[in-house]
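Protein chains in written order, with the working numbering: chain A, 72 to 412; chain B, 2 to 260.
In what follows, a structure is listed as structure tokens, so that the remarks can point back to it.
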Amino acid sequence: MSINLRDSGATLWANANKWQRYLIAGAVILAVFALPLLEGTFLNTPSTPFEMVLFYPIGVYVLMALGLNVVVGKSGLLDLGYVAFYAVGAYTAGILSMHTKLNTWEILPIGIALAMLSGLVLGAAVLRLRGDYLAIVTLGFGEIIRITALNTSAVGGANGITNIPNPPTTFGLKFDLDHPRSFYWIVLILIILTILVIRGLSVRRPGRAWESIRQDEDVAELMGVNTYKYKLWAFIFGASVGGAAGVLFASKAMFIAPNIFSYNVSILILAFVVFGGMGNIWGVVVGAVLLSYIPEKIRFISDARMLIFGLVLIIMMNLRPDGLLPRKKREKIGVAGEKSK
Amino acid sequence: MSNQPVLELKNLTMQFGGVKALNQVNLQVNRGEICALIGPNGAGKTTVFNVVTGVYVPTQGEILFNGKSLKGKNRHNITKMGIARTFQNVRLFGEMTSLENVLTATDVHSKSGLIGSMFTTPRSRREERAGREKAYEILEFIGIDHRADQLAKNLPYGDQRRLEIARAMGTSPEIILLDEPAAGFNPSEKKALAELIVKIRDRGYTVLLIEHDMSLIMGISDRVAVLDFGEKIADDLPSVVQNNPKVIEAYLGVPADAS
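Encoded structure:
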């Protein structure tokens with residue numbers, strides 16, 4: 072029996088009216104917000120409290136996977152240096168908290184803006200390249216950011232930055248080591264916002280432009296799509312999400328160092344996107360959740376952990392080469408005729 | 002019919018290494034006419050399309066669109082100015098629906114970009130709705146509106162070709178370049194296509210057409226230009242071109258008794 076999660080989910084959604092949709096969405100969001108209450112159940116992770124795992128790695132990685140999905144999944148631009156934007160966000164938080172009195176919420180927009188700026192700079196330089204060449208250059212960019220941080224004593228060099236303050240208490244929510252669920256809720260809000268924005272863009276001009284670029288860049292250009300501009304936008308959008316994840320991560324971890332932003336992270340995030348199903352938001356979310364949860368769950372076997380992780384990837388990619396929930400447009404035959412009359 | 006030129010090629014030369022794909026080609030396409038571009042395989046017909054739409058930069062010569070030079074213009078800007086094309090081999094966005102294919106083209110004239118779409122500004126919403134209406138109208142005009150929500154790759158071959166024309170019309174062009182739109186069609190499909198092309202012209206578009214099917218060309222063209230080895234060897238009314246010895250020679254070779 073094959074379980075077709077996407078189709079049954081999509082059918083449920085397609086058949087629902089407006090109020091039912093609000094109800095479903097509300098129930099799902101509520102359930103996801105309530106996840107920290109499952110602390111202590113079968114979901115428990117051995118070496119880290121479940122509530123913490125919900126924020127990092129799960130929440131942060133889901134957010135980053137969503138951002139990278141716009142670049143890789145929607146626009147077809149293979150970016151192997153996505154960690155760079157995460158690092159820019161995290162280091163913005165680190166440096167600003169070292170030299171200023173700004174709190175996390177004030178730093179967040181600055182971190183996002185700087186990540187976008189780095190996305191613009193990188194994109195403007197490399198987006199004339201295609202395919203493998205683009206991948207190699209972005210890979211290099213990710214490493215440049217890390218190595219620059221490693222060799223700059225002003226940002227602590229290899230020791231990184233310590234004592235980054237937690238966010239201040241907001242709306243009665245405390246943000247510190249004893250209240251990990253607050254962080255989870257914040258990242259969850261960002262994830263929901265990101266999903267809403269991406270869903271909106273997908274059905275409008277930018278979504279079509281990205282999609283056409285992914286499918287045939289030359290024809291897209293000849294049909295009037297400013298491919299360079301929209302590729303740049305994809306990069307900048309992806310960068311902004313990565314930057315936001317970086318700021319949040321730094322404010323929770325209170326400590327950042329260059330080795331956290333190694334090239335492995337870029338590959339891991341890319342693995343989430345491919346594993347879940349390129350271009351499909353829900354596939355990417357499920358992929359990122361599973362692949363960041365499983366390694367935490369099986370942490371007790373320590374060294375063999377990554378081996379099993381790899382095995383899961385290989386088995387999965389053989390069984391479902393297009394990912395867990397691949398992108399597949401559902402055709403609505405017959406609807407068109409009615410609409411046009 | 003006015004004799005106002007929409008598209009003018011002046012001494013156009015396109016050289017690839019030692020090969021001159023186009024050599025000093027002059028061509029004028031007037032507003033509201035169906036101009037056919039014919040010639041044996043490898044004569045340089047598609048190269049003309051590629052140079053006009055900005056895929057290649059001509060080695061020499063100039064292209065004027067409504068009197069303005071296209072020199073240094075980006076491909077998407079040329080499209081925006083009013084030149085649209087189809088492709089010899091169908092090149093649709095297969096993973097998108099027919100409607101989305103046309104919408105991608107109608108987007109060329111919308112003013113709202115990413116920011117507008119992100120915050121759903123009134124303008125973005127208005128343009129989105131207007132685009133959809135226009136795209137439906139074009140699909141209806143072409144006669145494939147019943148395929149609007151089907152993926153382009155799942156369309157039957159004939160409808161894919163028609164969708165290519167619809168997508169080109171989506172950019173609201175003044176001139177449409179059709180590259181062998183009847184390739185692979187049976188006689189009745191060809192007849193329907195000929196009617197469609199005339200209908201497109203009557204709607205106010207200018208058509209430049211590459212085609213191999215002579216009966217189709219001769220039936221609907223107002224003028225026929227013939228290319229052979231990158232040079233224009235004839236440019237006249239269909240009936241005149243048909244009897245031009247140079248054209249006959251290019252297609253059939255020199256008669257035995259003449260050599």
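Yeah, the Cβ is synthetic: ideal placement off N, Cα and C, and Gly gets one too.
Under the three-state DSSP convention, the category residue i falls into
i, result
"Met105(A)", "In the sequence under discussion, the amino acid at residue 105(A) is Ala, which differs from the Met named in the question. Looking at Ala105(A) - three-state DSSP - the assignment turns out to be coil, as it is neither helix nor strand."
"Gln286(A)", "helix"
"Thr223(A)", "coil"
"Asn67(B)", "coil"
"Ile235(A)", "coil"
"Pro59(B)", "coil"
"Arg224(B)", "strand"
"Ala49(A)", "Within the shown structure, residues of chain A are numbered from 72 to 412, placing residue 49(A) beyond reach of any answer."
"Pro41(B)", "coil"
"Phe17(B)", "strand"
"Ala315(A)", "helix"
"Lys233(B)", "strand"
"Ile176(B)", "strand"
"Asn12(B)", "strand"
"Ala87(A)", "coil"
"Lys410(A)", "Residue confidence is low: Lys410(A) scores 39 on pLDDT, short of 50, so the model does not pin down where it sits. No coordinate-derived value is stated."
"Val143(A)", "helix"
"Val52(B)", "helix"
"Leu125(A)", "helix"
"Pro329(A)", "helix"
C-beta contact flag for residue i and residue j at 8 Å
i, j, result
"Gly194(A)", "Leu303(A)", "yes"
"Asp266(B)", "Val225(B)", "No statement about residue 266(B) is possible, as the shown extent of chain B runs from 2 to 260 and does not include it."
"Thr122(B)", "Ser113(B)", "yes"
"Ile84(B)", "Thr54(B)", "yes"
"Pro238(A)", "Asn174(A)", "yes"
"Lys247(B)", "Ala235(B)", "yes"
"Gly182(A)", "Gly314(A)", "yes"
"Thr14(B)", "Gly62(B)", "yes"
"Gly130(A)", "Val312(A)", "no"
"Gly160(A)", "Gly317(A)", "yes"
"Ile166(B)", "Val199(B)", "no"
"Leu209(B)", "Ile176(B)", "yes"
"Gly213(A)", "Val154(A)", "yes"
Residue burial classification, residue i (beta-carbon count within 10 angstroms, cutoff 16)
i, result
"Gln161(B)", "buried"
"Thr98(B)", "buried"
"Asn42(B)", "exposed"
"Ala168(B)", "Strictly speaking, residue 168(B) in this sequence is Arg, with Ala absent from that position. Per the 10 Å Cβ criterion, buried."
"Arg163(B)", "buried"
"Val241(B)", "exposed"
"Arg130(B)", "exposed"
"Trp66(A)", "Absent from the model: residue 66(A). The displayed extent of chain A is 72 to 412, so no value can be given."
"Pro188(B)", "exposed"
"Gly202(A)", "exposed"
"Gly80(A)", "exposed"
"Asn12(B)", "exposed"
"Arg398(A)", "buried"
Rounded C-alpha distance that separates residue i from residue j
i, j, result
"Leu167(A)", "Arg270(A)", "33 Å"
"Ser224(A)", "Val197(A)", "29 Å"
"Ile369(A)", "Ala136(A)", "22 Å"
"Ile307(A)", "Leu191(A)", "6 Å"
"Pro277(A)", "Ile216(A)", "29 Å"
"Leu390(A)", "Phe346(A)", "11 Å"
"Leu114(A)", "Met388(A)", "25 Å"
"Ser283(A)", "Asp180(B)", "21 Å"
"Phe221(A)", "Phe156(A)", "First, the residue type needs correcting, since residue 221(A) is Leu and not Phe in the sequence shown. Between Leu221(A) and Phe156(A), the C-alpha separation is close to 16 Å."
"Gly177(A)", "His147(B)", "Contrary to the premise, residue 177(A) reads as Glu rather than Gly in this sequence. Roughly 52 Å between the two C-alpha positions."
"Leu248(A)", "Met325(A)", "10 Å"
"Lys192(B)", "Leu217(B)", "7 Å"
"Thr112(A)", "Thr265(A)", "29 Å"
"Gly159(B)", "Gln151(B)", "14 Å"
"Leu94(A)", "Asn86(A)", "13 Å"
"Asn88(A)", "Thr209(A)", "44 Å"
"Ile79(B)", "Leu396(A)", "39 Å"
Chain B contact for residue i (CB, 8 Å cutoff)
i, result
"Trp256(A)", "no"
"Met294(A)", "yes"
"Pro277(A)", "yes"
"Leu272(A)", "yes"
Residue-chain proximity (residue i, chain A), Cβ-Cβ < 8 Å
i, result
"Leu8(B)", "no"
"Arg168(B)", "yes"
"Val109(B)", "yes"
"Arg127(B)", "no"
"Ser240(B)", "no"
Near the ligand SAH: residue i beta-carbon under 7 Å from a heavy atom
i, result
"Ala257(B)", "Questions concerning the ligand SAH fall outside what the structure shown contains, since it holds no ligand whatsoever."
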